[in-house]
Every structure is written in structure tokens, then in C-alpha cells.
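Note sheet for the following structure.
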Amino acid sequence: MSTLASVAVCAASTRPHRIEAAAALAAHLALPLVAEDDHAHEVLLVLTDERLEARQTDSRAGAVAVEFTSGSFGYRRRPGSPREAVVRAVGFKGQPLEVFDMTAGLGRDAMVLALAGCRVTTCERSPIVHALLEDGLRRAASDDELAPILEHLTLIQRDAIEALHSAPRPDVVYLDPMFPERTGSAVPTKELRLLARIVGASEDAGALLDAAVASGAPRVVVKRPRLAPTLSTARAATPGMRLEGRSSRFDVYFPTGA
Ligand SMILES: C[S@@+](CC[C@H](N)C(=O)[O-])C[C@H]1O[C@@H](n2cnc3c(N)ncnc32)[C@H](O)[C@@H]1O
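First residue of the sequence shown: 58, per the numbering used here; consecutive thereafter.
So this is what it looks like as C-alpha cells:
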């Protein structure tokens with residue numbers, strides 16, 4: 058397992074309620090609360106007046122925050138088109154579809170699916186990544202066009218294997234585990250590098266796939282880097298279908314033979 062970065066929380070605001078919120082976040086995450094110019098930790102979770110962002114103090118990479126209304130994801134540029142490979146991979150054709158996303162990360166795939174019209178439950182194990190995503194969703198909820206979409210997107214902070222076990226059977230289980238030598242994904246490099254420093258590589262990708270198959274969902278979709286080996290376990294040996302995106306591949310398993 059790779060060494061994880063040390064993380065601390067700080068406020069970049071003079072407003073008392075933001076300073077209090079930063080202290081509450083540090084306590085919630087059981088992380089030290091430090092000054093903004095304290096660079097003793099490799100990653101700083103910074104609560105500004107507008108948002109929660111992660112800064113890498115030992116790198117020139119810019120801050121990472123979850124932005125659904127602007128920036129590279131800006132939903133107006135990525136309208137959840139049915140042509141998106143992830144939308145085709147889950148088999149969405151306009152009918153109601155419940156998708157359980159076991160690996161929320163920064164929520165991009167979950168948002169693309171929700172924008173297309175799926176009902177999505179997305180699960181994140183890391184409390185730090187969850188805090189970043191929750192903050193992005195909170196800000197997105199004040200966008201008039203996104204607010205109705207977010208009614209169909211539920212974020213939970215829990216291990217997905219446990220959460221899926223106690224959830225109603227979804228139509229599709231989706232997983233996008235971290236991949237050690239990932240050569241591309243829907244998540245741009247800066248974000249992916251940060252995620253890797255916070256959560257490390259997925260040691261449990263096979264266990265995630267097994268839990269997805271055991272859930273009884275008729276369709277399981279695994280996102281992989283385009284040239285990566287297939288994820289296979291005793292329960293799920295061979296995908297029934299493959300779809301290639303720009304830099305990613307979607308392996309689709311049909312555990313119940315559907
Ligand atoms: C590659 S990222 C997912 C990126 C995401 N698809 C997106 O579009 O932003 C993988 C995420 O899955 C999370 N993860 C890994 N194993 C998990 C588990 N067992 N339960 C919940 N989350 C998990 C990691 O913490 C990490 O944030």
C-alpha cells in the first residue's frame with residue numbers, strides 16, 4: 058500500500074462562522090486544525106468563504122474542489138448525454154434505472170449518470186473525499202437547473218460493501234476502483250493524483266466486484282483504464298460486454314444472465 062499524505066484542516070476566511078465550520082470539520086474528521094500558512098502537512102483541506110478545497114502544500118498543482126457548475130466538468134458542457142460511454146455502459150435508455158455507485162470519488166460519474174436521468178446512490182468510504190464531494194453537492198444545490206437533478210443523487214459516507222449489503226437491490230452496480238498505474242480516466246490528472254494521495258490504491262477492487270455480483274443486480278459495470286487487465290474473480294470471471302470511452306473502458310457483467 059502506498060504511503061498516504063498527512064492531511065490537516067484550516068480556514069481561509071475572517072468570517073467567524075467559516076472559522077467555526079473549519080474547526081467543526083477538523084473535529085469531525087479527527088484532523089489537526091492549523092493556520093493557512095502552516096505547511097507541515099502535505100495536504101490542507103481549506104475552507105474558504107465559498108468552498109472546501111484541497112491544496113497540496115508540496116506541489117504546484119492547483120487546489121482541487123468539486124465543481125459541478127463551472128470548470129472542466131461544468132454540467133452545461135457535460136449534459137449527461139446518452140452518448141456518454143458511462144451512460145451506455147449502465148444500459149440507460151430513458152427508462153427508470155437505479156444505479157448504486159460503489160466508488161463516489163469526486164462524483165463525476167455519478168453526476169453524469171444523474172444528469173442523464175438515472176437515480177443514483179453513490180458511496181464514498183474516505184471521510185475526507187466525502188467532505189469534498191458533499192461540499193460540491195451543497196453548492197450545486199443552489200443552482201436552479203441542478204437542484205432537481207440532485208433530488209435523484211444520494212451520497213452516503215460508508216464502506217460500499219457494507220452499504221450495498223443493506224440497500225434495496227439496484228438495477229445496476231457501478232464501480233471505478235483506483236488503479237495503481239492508471240493512465241487516464243474521467244477524472245483529470247490533478248484530481249486523480251490528489252485522490253491517490255488521500256486514499257491510496259484500491260486493495261479491495263475484487264471484493265467490490267464480488268459484493269456487486271452478490272447484490273443480485275442484473276448488471277455490474279466496472280470502469281478500468283482503457284488498456285488495463287480485466288478485473289476478474291471467482292464470482293465474476295469474464296465481462297459479457299465491453300465499451301470503450303476516450304481513456305477508459307467499461308466492462309459490463311451480467312451476473313444473473315440477464
Ligand atoms: C477512482 S475514484 C472514483 C472516481 C469517480 N468515479 C469519479 O467520477 O469521480 C475511487 C474512489 O472509490 C473510493 N472507494 C474505494 N473503495 C471503496 C469502498 N469499499 N467503499 C466506498 N468507497 C470506496 C475511494 O476512496 C475513491 O475515492
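Where a beta carbon is used, it is the ideal one built from N, C-alpha and C, also for glycine.
In summary, SER305 is buried, with 16 or more beta-carbon neighbours lying within 10 Å of its beta-carbon over all protein chains present. Following the DSSP letters along the chain, one finds LYS280 inside the beta strand (DSSP E) bounded by residues 276-282. Judged by their CB atoms, PRO296 and PHE236 are not nearer to each other than the 7 Å cut-off. According to DSSP, CYS175 shares a beta bridge with no other residue.
When C-beta atoms of the region 262-275 are compared with those of the region 184-194, fewer than three pairs fall below 8 Å, so the two segments do not count as touching. By the CB criterion at 7 Å, HIS96 and THR114 fall inside the cutoff. Contact check for ALA197 against PHE125 passes: the beta carbons are separated by less than 7 Å. If you draw a straight line from the Cα of ARG108 to the Cα of ALA122, it is about 8 Å long. The Cβ-Cβ distance between ALA62 and ARG182 does not fall below 7 Å.
Judged by DSSP secondary structure, ALA268 falls within the alpha helix (DSSP H) whose first and last residues are 262-271. Within the DSSP secondary-structure output, PHE130 pairs in no beta bridge. Cβ neighbours of ALA268 within its own chain (closer than 6 Å, five residues either side excluded): ILE218 and LEU221. Going by DSSP, THR105 is part of the beta strand (DSSP E) stretching over 100-105.
Taking the Cβ atoms as the reference, LEU232 lies roughly 5 Å from THR160, within the contact range of under 8 Å.
For LEU288, no alpha helix (DSSP H) segment is defined, and its DSSP state is neither H nor E.
If the five residues before and after LEU288 are omitted, its C-beta is found closer than 6 Å to the C-beta atoms of ALA262, LEU266 and VAL279, all from its own chain and listed in chain order. In the same chain as GLY273, and ignoring 5 residues on each side of it, the C-beta atoms closer than 6 Å to its own belong to ARG226, in chain order.
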